[in-house]
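The working numbering puts the first residue of the sequence shown at 166, with every later residue one more than the last.
Here is the structure we will look at, set down as structure tokens.
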Amino acid sequence: MRRRRILTMAWESMKQRRFRTSLTTLGVVIGITAIIGLASLGEGFRVTIKDQMEQGFELNVLTVMSGGLLTGVGSYFTDADVKNISLMPGVVLATPIIQKSVGKLYNDGKNSSALVLLAVNYTEFVQIYPERLAVEHGIWPQSIENDTSVIGYNVEHPAEGGTFANPGDNVTVALSFTSVARGRYFENNTFNVVGTLGKSGAAGFINFDDAVFIPIDTARELYNTTNSDMIFVRLANPNYSDSVAKAIEDRFGGGGEVRVLIPAAFMQQVETVLSMVEIFLTAIASIALLVAGLGIMNIMTVSVMERTREIGILKAIGAKSRTVLTMFLTEAALIGLLGAVIGVPLGYGLAQAMGQFLFRFSAEVTPRRSLITGTATHPITAVTPILTLQWAVGAIVFAIGVSVIFGWYPARKAAKLNPVEALRYE
Numbered sequence: 166m167r168r169r170r171i172l173t174m175a176w177e178s179m180k181q182r183r184f185r186t187s188l189t190t191l192g193v194v195i196g197i198t199a200i201i202g203l204a205s206l207g208e209g210f211r212v213t214i215k216d217q218m219e220q221g222f223e224l225n226v227l228t229v230m231s232g233g234l235l236t237g238v239g240s241y242f243t244d245a246d247v248k249n250i251s252l253m254p255g256v257v258l259a260t261p262i263i264q265k266s267v268g269k270l271y272n273d274g275k276n277s278s279a280l281v282l283l284a285v286n287y288t289e290f291v292q293i294y295p296e297r298l299a300v301e302h303g304i305w306p307q308s309i310e311n312d313t314s315v316i317g318y319n320v321e322h323p324a325e326g327g328t329f330a331n332p333g334d335n336v337t338v339a340l341s342f343t344s345v346a347r348g349r350y351f352e353n354n355t356f357n358v359v360g361t362l363g364k365s366g367a368a369g370f371i372n373f374d375d376a377v378f379i380p381i382d383t384a385r386e387l388y389n390t391t392n393s394d395m396i397f398v399r400l401a402n403p404n405y406s407d408s409v410a411k412a413i414e415d416r417f418g419g420g421g422e423v424r425v426l427i428p429a430a431f432m433q434q435v436e437t438v439l440s441m442v443e444i445f446l447t448a449i450a451s452i453a454l455l456v457a458g459l460g461i462m463n464i465m466t467v468s469v470m471e472r473t474r475e476i477g478i479l480k481a482i483g484a485k486s487r488t489v490l491t492m493f494l495t496e497a498a499l500i501g502l503l504g505a506v507i508g509v510p511l512g513y514g515l516a517q518a519m520g521q522f523l524f525r526f527s528a529e530v531t532p533r534r535s536l537i538t539g540t541a542t543h544p545i546t547a548v549t550p551i552l553t554l555q556w557a558v559g560a561i562v563f564a565i566g567v568s569v570i571f572g573w574y575p576a577r578k579a580a581k582l583n584p585v586e587a588l589r590y591e
């Protein structure tokens, strides 16, 4: 019997039992909807997270820190270390940083607070983050003057409202010191504000919005040191991250003396975790399709019993067992195909709705704060689902495959019917 004829007979059989076919197909639709919905939503969430991380990490910037328990704390790196790193292949610039705690800031009866003091080489540091260090008022210093300072957006705009300082103001900063005799204590130092930053956000684990910047030479005098706490390294290309990081670690002995924060590697790890979560959720959704497969087996087994005489007539007029088997498997495949064709767009539509409302509701009821800086972060309010061609085709093939597998037993049972006994069946 020709394939077109077999396909026509399978389709006509489905049309004659429309209600039963609809219920069976509905199970496949639900399964495919769940798979496509979670897959496209998961892919969209992964891309959204990646985009946000790229905004928070300059992929071509490495952070070199001491490898002790209190990473990044304590003057460890010399100027010779900075110079050696700057001469490594693939490195555009290396600049030292001193990071300290800071207390209140005072300006003519007004006060504000900052989380961190960053002592930098102004000229070099702006080359490390040329796009992030956008000045809102005043200037970013190009020449080093010992009493100059730049304050972050949150310092300039305290929670109480208003503005804390303008360019030209002299601001008193309570700097944190530690000594054996006195423990931790604060001393006031006055700096001239030459610029205030716009919203800069967090670069790695340091939020520039909550920072006060001063010249590194000034900090070395205040803290009586010639070394620095960290080294920021700008690369010619993010692809050099691994090789440069290894060269830096080898430069310090390779025994964990230093740690190099590699944003690109961190992002790859996060992407891997998100991909695994996406696959896990999709696998859970696939259970619904397997349940639908059991429904297909059940319905087709009943269909074989109802069509026993019809099968007997077909075999009596010369239809082979293979033809009967193919006809029932074709019917199962059509159910799977029909369910997938409906389920794919339905699942994508469901993902669109969930992407717009689920994350927005979560952002409204759940506050977000950075685990590192403690400052408020911008939560994800919407996710745009992404449906790839591979997922769509894979879902269709999976639906057809499950339907055929679960339809095999009743189809084989129909093919093995004895034509004489089938004709006697009532």
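Even glycine gets a Cβ: it sits at the ideal position worked out from N, Cα and C.
- Per DSSP, the continuous beta strand (DSSP E) segment holding residue 275 begins and ends at 275 to 278.
- One thing to note: residue 549 has its Cβ no nearer than 7 angstroms to the Cβ of residue 303.
- Of all C-beta pairs linking the stretch 506 to 525 to the stretch 183 to 202, three or more are shorter than 8 angstroms, placing the two stretches in contact.
- The continuous beta strand (DSSP E) containing residue 303 extends over residues 300 to 303.
- Contact annotation: the stretch 312 to 323 does not touch the stretch 416 to 434, with fewer than three C-beta pairs closer than 8 angstroms.
- When the beta-carbon positions are compared, residue 362 and residue 267 stay at least 7 angstroms from each other.
- Shown here for residue 182: same chain residues with a beta carbon closer than 8 angstroms to its own, the five before and five after excluded, namely 468 in chain order.
- Between the alpha carbons of residue 499 and residue 568 lies a gap of roughly 9 angstroms.
- Residue pairing from DSSP places residue 372 in a beta bridge opposite 367.
- In this structure, residue 335 keeps its C-beta atom at 7 angstroms or more from the C-beta atom of residue 313.
- Here residue 184 is exposed. Its C-beta has fewer than 16 other C-beta atoms within 10 Å.
- Proximity to residue 424 across 196, 229, 187, 194 peaks at 229, based on C-alpha coordinates.
- Counting along the chain, residue 444 sits inside no beta strand (DSSP E); it lies in the alpha helix (DSSP H) bounded by residues 428 to 471.
- About 42 angstroms separates the beta carbons of residue 522 and residue 575, which is beyond the 8 angstroms limit, so they are not a contact pair.
- The beta carbon of residue 422 is closer than 6 angstroms to those of 232 in its chain, skipping five residues each way along the sequence.
- Taking C-beta atoms as the reference points, residue 453 and residue 196 count as a pair closer than 7 angstroms.
- Residues 223, 368 of the same chain have their beta carbon placed closer than 7 angstroms to that of residue 294, with the five preceding and five following residues left out of the count.
- Going by beta carbons, residue 251 and residue 245 fall outside the 7 angstroms limit.
- One thing to note: residue 193 has its Cβ within 7 angstroms of the Cβ of residue 504.
- Less than 7 angstroms separates the beta-carbon of residue 307 from that of residue 288.
- Counting along the chain, residue 360 sits inside no alpha helix (DSSP H); it lies in the beta strand (DSSP E) bounded by residues 348 to 362.
- With respect to residue 381, residue 285 sits close: the two C-beta atoms are nearer than 7 angstroms.
- CA-to-CA, the gap between residue 488 and residue 556 works out to about 33 angstroms.
- In this structure, residue 375 keeps its C-beta atom at 7 angstroms or more from the C-beta atom of residue 282.
- Between residue 262 and residue 406, the C-beta gap is not smaller than 7 angstroms, which leaves the two residues out of contact.
- By the neighbour-count definition (other C-beta atoms within 10 Å, threshold 16), residue 447 is a buried residue.
- Non-local beta-carbon contacts of residue 298 in its own chain, meaning distances under 8 angstroms to residues more than five positions away in sequence, involve 290, 291, 305, 362, 365, 373 in chain order.
- Residue 342 carries a strand assignment under DSSP once its states are collapsed to helix, strand and coil.
- In the structure shown, residue 395 adopts extended strand secondary structure according to DSSP, grouped into three states.
- A check of alpha carbon separations from residue 241 across 391, 383, 330 identifies 391 as the nearest.
- By a beta-carbon distance limit of 8 angstroms, residue 189 contacts residue 461. Their separation comes to about 6 angstroms.
- Distance from residue 395 to residue 215 at the Cβ level is roughly 26 angstroms; contact not present, criterion being Cβ atoms closer than 8 angstroms.
- For residue 507, same chain residues with a beta-carbon under 7 angstroms away, outside a window of 5 residues either side, are 194 in chain order.
- Its chain contains 277, 336, 338 as the residues whose beta carbon lies nearer than 6 angstroms to that of residue 270, once the 5 sequence neighbours on both sides are disregarded; these appear in chain order.
- At a Cβ-Cβ threshold of 7 angstroms, residue 205 and residue 551 count as neighbours.
- Residue pairing for residue 285: DSSP places it in a beta bridge opposite 262, 380.
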